[in-house]
Amino acid sequence: MKISNETKIGALTIIAIVLLFLGFNFLKGKSLFKTGYYLYAKFPESNGLVASNVVTINGFQAGTVSKISASKDLKEIDVEVKLNQAYDIPKNSTANISSNPLGASSLEVTLGDSKDLMMSGDTLLTVLTPGLLGQMGRQIRPLAESAKNTLQHIDTVMQNINQVMDSSARGDIQDIVANLSVVTKNLTQTTALLNKALDLQTGAFAGSIKNINSFTKNLADNNQQFDSVMNHLNVATAKFAQVDLATTLNKLNGSMEQLSAILAKANSTDGSLGALLNDKELYNNFNRTAKSLQTLLDDLRVHPKRYVNISVFGRKDKGNYLEKPLPQDSTHADFRNR
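Residue numbering for the sequence shown follows the UniProt record's numbering, beginning at 1 and increasing consecutively.
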């Protein structure tokens, strides 16, 4: 029996369509013949999970999401999971949707510690873990509320400032700003003067440094003389240390006692010196005697012929006698000319 070309083409077309359908469903994680190990999970939201997304158990890719469906009221999302093989999964294991804004979401299964194992067709316990965007939203929400409150406070403060800042207050602020400008200018000038004074080449500080350097140089140049002076001081100190200071002080004390005794006798009227110093009448007599003696000497000097009668001097002088001593600056000729 000869098969026509049309029949061959039709059969090949049907086979190609069937293979295409099966391959498309395979890529989506679906299977026309429902065989394998299936588990189910229920979530209140899908968080971007779609069919053919991977299913991981402790980080290992153990299967794929074969089907996702929703209840009529859209309050519950049913997820069908097809595992690659029958794994030992405890019954208290949990499933959660891990969303990734940079990639596809996945279903993560966290193994429990129950000794009872799940069978194909059982339903996993679910844990709703917020996605990255949800976490960011929850963290940003308090910050947004705080920022809103802060802006409200700032607005209130600005309103109060506008009420307080009348024309006179603005004038005061302008005066304050002007004064600050003057102070800044003065500080600038003061800083310039300090910089000039501290200039290591021409400033006053440089002169002080030069004087200090000159002083230290003189000290270094005269170091030998200083050493000699210190040696002499050491020798003098050593000699002074060798002196019997106690004996010297005792002798000095004895001399002071003798001097005190002499002064005491001088102050007393018992002795000759004391009588001479303390007897006023004796003092006056001594004074009159000295004055008379001085008058006699002056008269002898002025009238020598009166006391010495020698022909060499001529006739005897019969002039008046002196009654008081001559002045210190007078001469014989002055007296004779009177």
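Each residue gets a CB set at the ideal place from its N, CA and C atoms; glycine is no exception.
Only a predicted model underlies this, so the values are computations on that prediction, with no experimental measurement involved.
Between residue 91 and residue 113, the beta carbon gap of about 10 Å keeps them out of contact (Cβ cut-off 8 Å). Counting along the chain, residue 307 sits inside the alpha helix (DSSP H) bounded by residues 304 to 307. Ranking 118, 86, 208, 103 by CA distance to the CA of residue 50 puts 103 first.
Residue pairing from DSSP places residue 95 in a beta bridge opposite 109, 126. For residue 189, the secondary structure class from DSSP, reduced to helix, strand or coil, is helix. If you look at residue 228, you'll find it in the alpha helix (DSSP H) that goes 223 to 242. The Cβ atoms of residue 40 and residue 80 sit closer than 8 Å to each other.
Bounds of any beta strand (DSSP E) do not take in residue 103, whose DSSP letter is neither H nor E. Inclusion of residue 157 and residue 106 in the CB contact set at 8 Å is not warranted, their separation being larger than that value.
When only Cα atoms are considered, residue 141 and residue 109 end up about 30 Å apart. In terms of Cα proximity to residue 78, the closest of 227, 281, 97 is 97.
The continuous stretches of beta strand (DSSP E) do not include residue 115, and DSSP gives it neither H nor E. The shortest CA-to-CA distance from residue 46 to any of 74, 57, 56, 23 is the one to 74. Rounded to the nearest angstrom, the Cβ distance from residue 150 to residue 43 is 38 Å, too far for a contact under 8 Å.
According to the DSSP secondary-structure assignment, residue 69 is paired through a beta bridge with 78.
Of the candidates 290, 67, 129, 222, the residue whose Cα lies closest to the Cα of residue 99 is 129. Here residue 307 is near residue 300, since their CB atoms are less than 8 Å apart. Residue range 54 to 57 is occupied by the beta strand (DSSP E) that includes residue 54. Taking the Cα positions, residue 217 is about 16 Å away from residue 206. Residue 83 sits buried, since 16 or more C-beta atoms from the chains shown fall within 10 Å of its C-beta. A direct Cα-to-Cα measurement between residue 146 and residue 153 gives close to 11 Å. Exclusion of the five residues before and after residue 111 leaves 57, 58, 89, 90, 93 as the residues of its chain whose Cβ lies within less than 7 Å of its Cβ. Going by DSSP, residue 37 is part of the beta strand (DSSP E) stretching over 37 to 43.
Between residue 255 and residue 265, the alpha-carbon positions lie close to 15 Å from each other. Between the alpha carbons of residue 86 and residue 52 lies a distance of about 19 Å.
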